[in-house]
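K.L.:
Note that the working numbering gives residue 309 to position 259 of the sequence shown, counting from 1, and the numbers run on in steps of one.
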Amino acid sequence: MILDLMIWSPVIVGLILLLIGKNTASLSYWISLATSLLVFGMSMYALSMFKTDQVGIQFELIAPWIERFNINYHLGIDGISFPLILLTTFITPIVLLTARTSNKINLHQYLASFLILEGLMIGVFSALDAFLFYVFWEAMLIPMFIIIGIWGGENRVYATIKFFLYTFLGSVFMLIAIIYLYISTGSYSIFDFYNLDLSRMEQILIFLAFLFAFAVKIPMWPVHTWLPDAHVEAPTGGSVILAAILLKMGGYGLLRFSLPITPAASNELSMLMVALSLIAIIYIGMVALSQTDMKKLIAYSSVAHMGFVTLGIFVVFLNHENASIDNMNIAISGAMIQMISHGLISGALFLCIGVMYDRIHSREINDYGGVALSMPRFAGLMVFFALSNAALPGTSGFVGEVLVILASLKVNFWIALLSSTTLVIGAAYTLWMIKRVIFGPITNEKINNVRDTSPVEFIPLIILAFMVLAMGVYPEPLMKLMYITLNDLSELVFTGVGL
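1. Between Ile331 and Ala354, which are expected to be in contact by the criterion C-beta below 8 Å, what is the C-beta distance as a whole number of angstroms?
2. Evaluate Asp279 with the Cβ neighbour count: other Cβ atoms within 10 Å of its Cβ, from every protein chain shown; 16 or more gives buried, anything less gives exposed.
3. Cβ atoms of Ile475 and Leu326: under 9 Å apart, would you say?
4. Roughly how many angstroms separate the alpha carbons of Val222 and Leu67, rounded to a whole number?
5. With which residues is Ile121 paired in a DSSP beta bridge?
6. Tell me which residue opens and which closes the alpha helix (DSSP H) that His392 is part of.
7. Under a three-way DSSP split, which group does Glu204 fall into?
8. Grab me the residues of Val324's own chain with a C-beta within less than 7 Å of its C-beta, minus the 5 sequence neighbours each way, in chain order.
9. Kindly indicate which three-state DSSP category Ser316 falls into: helix, strand or coil?
10. If you drop the 5 nearest sequence neighbours on each side, which residues of the same chain put their C-beta closer than 6 Å to that of Leu277?
11. For Leu128, does the three-state DSSP call read helix, strand or coil?
12. Would you list the one or two residues that DSSP bridges to Asp179?
13. Output the residue ranges of the alpha helix (DSSP H) runs that lie fully inside the region 220-306 and measure 4 residues or longer, sorted by chain position.
14. Mark Met51 as exposed unless 16 or more other C-beta atoms lie within 10 angstroms of its C-beta, in which case mark it buried.
15. When DSSP builds the beta bridges, which residues end up paired with Leu326?
16. Could you check whether Thr480 and Gly420 sit closer than 9 Å to each other, using their CB atoms as the reference points?
17. Please state the DSSP three-state secondary structure of Phe435.
18. Going by CA-CA distance only, name the one from Leu519, Thr217, Asn205, Ala180 that's closest to Ile192.
19. Which ranges would you report for the alpha helix (DSSP H) in the region 456-513 if only whole runs of at least 4 residues count?
20. Secondary structure at Gln104, three-state DSSP: helix, strand or coil?
21. Spell out a yes or no on whether the region 433-446 and the region 281-301 are touching, meaning 3 or more CB-CB pairs, one atom from each, closer than 8 Å.
22. Taking one C-beta from the region 140-151 and one from the region 99-106 each time, how about it: are there three or more such pairs within less than 8 Å?
23. Taking DSSP's pairing of strands, which residues face Leu111 in a bridge?
24. For the ligand NAD, is there any heavy atom lying closer than 8 Å to the beta carbon of Gly199?
25. Where Leu292 and Gln253 are concerned, what is the direct C-alpha to C-alpha distance, given to the nearest angstrom?
26. Do Gly173 and Ala149 have their C-beta atoms within less than 9 Å of each other?
27. Determine the closest residue to Thr471 out of Trp482, Ser383, Ile329, with distance taken between C-alpha atoms.
28. By the DSSP assignment, the alpha helix (DSSP H) with Tyr533 in it spans what residues?
29. From which residue to which residue does the alpha helix (DSSP H) around Tyr79 run?
30. Mind reading off the beta-carbon distance from Phe109 to Ile127? Whole number of angstroms is fine, and I expect it under 8 Å.
31. Assuming Phe243 and Leu319 form a contact by the criterion Cβ under 8 Å, report the distance between their Cβ atoms to the nearest whole angstrom.
32. In the DSSP assignment, what are the bridge partners of Glu414?
33. What are the boundary residues of the alpha helix (DSSP H) that includes Ile331?
34. May I have the straight-line CA-CA distance separating Ile196 from Ser163, to the nearest angstrom?
35. Where Leu87 and Arg427 are concerned, what is the direct C-alpha to C-alpha distance, given to the nearest angstrom?
Listed below in structure tokens is the structure:
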């Protein structure tokens, strides 16, 4: 019941906001913010009731939907999906809180789009019926398409179409795989798929079909090119949701579908996945160094950081002699923490860029300089988030990357060495941006006249800073939340691989 409410209450309120008219912007703002806070409160209640020592699905709800095809409305959460739902319900109120800092045409529609998107994203993470999962997966493209297409920048139409085509076409292959698995089992239950005895070729083809969908969403190199365009053209709130939550759905899909359904194929194609991950970490990190647009720089850094997610998921398969459930737990825990951490840090950085854009109306690094002289409070927060993005010890960005590097070191020294170059490359492009934007002399007269952050801008940033610091100093609660589920997943995969 709690999951039902978390999914449909924001969707229903969002639909109501679409009907009440554009002359109720203030009322729409407070209703949307209250609804998102209510959903966050529901997630906190679920957290208080969640049993971290219990294997399996919790808060399960199952009801017949399309009985002819054995499709059920089946919801539930575990230690893989719940942290991502918490991230979703935490980030959405922050986005809505900052929605009034810049003037938006038809604000009520803008707010409604985010509420509907929130419900659909929670649906993706809690769906246990593959057909239901696919419905939520595709449906969430609609509000994001609208957010970028209506409230985006000058080239929003191009960016929107590119975003839609990449993600939709990738999902077609996932649908084919789901239908094949349904024909094989007579069920759309994801857990029934886990029990299938698939041949080597079947596993490889199904793995690749899922990979098309999940790799685009992460996004992995070379299907990442839609992301910088989407980020640059998206409004600030759209960029935050895109980076903080939507990219994590690809990593979630790999853990929920690819590993447990096709463990042998995951093992056999692990070298490919690790190679693509290292290319993302190193090459895309170098690409970020050459960017002059702040949004593009952070977008490319997102691709590099998400490379650690895929590296953590697949690196353990490369060395069967040193493969162990414990090492897989470390690697996947690092991947999960990296997803949560990146959601917080990248979301904060896009909010920071939005704060500056609202004042200067430029994202070009060369148009800034000396921001710390006019906005010292803001400058301190942006420097903190930038250093977190560079994996400064004591921040959440450090924890996930180090766990993945440690797990990689047990597998292969050279993979660990190559992946650790992100600590240098990440510091290079992040500090280069900070030096040019925050410090130095004021090179743009507009910066002399800007005001520091307002409470509506400062409060979300300080909350995000606290969470980044808390996760970096004490990640144990998050690891405890995930441990039982990840251990169960590792055992299932090891059995399927025959290790």
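We treat Cβ as the ideally placed atom computed from N, Cα and C, and that holds for glycine.
If you're wondering where the values come from, they're calculated on a predicted model, not measured in any experiment.
P.N.:
Let me lay it out:
1. 5 Å
2. buried
3. no
4. Computed Cα separation, rounded: 32 Å.
5. Ile116
6. 375-410
7. Here DSSP, grouped into helix, strand and coil, assigns Glu204 to coil.
8. Leu361, Phe364, Val365, Leu368, Ile465
9. Helix.
10. Cβ neighbours of Leu277 beyond the five flanking positions: Pro269, Ala349.
11. Just to set this straight, residue 128 is Asp in the shown sequence, not Leu. Reduced to three states, the DSSP call for Asp128 is coil.
12. Ser239, per the DSSP bridge assignment.
13. 240-244, 250-267, 276-283, 286-291, 298-303
14. exposed
15. Answer is none; Leu326 lacks a bridge partner.
16. no
17. Looking at Phe435 - three-state DSSP - the assignment turns out to be helix.
18. It is Thr217.
19. 463-470, 472-487, 495-498
20. Coil at Gln104, not helix or strand.
21. no
22. Taking 8 Å as the limit for Cβ pairs, the verdict is that the region 99-106 does not touch the region 140-151.
23. Leu125
24. The model on display carries no ligand, and the ligand NAD is accordingly not part of it.
25. Between the alpha carbons of Leu292 and Gln253 lies a distance of about 30 Å.
26. no
27. Ile329
28. 526-547
29. 75-99
30. 6 Å
31. Actually they do not touch by this definition, with Cβ atoms about 18 Å apart.
32. DSSP links Glu414 through a beta bridge to Asp343.
33. Unbroken run through Ile331: none, as it is neither H nor E.
34. 8 Å
35. 26 Å
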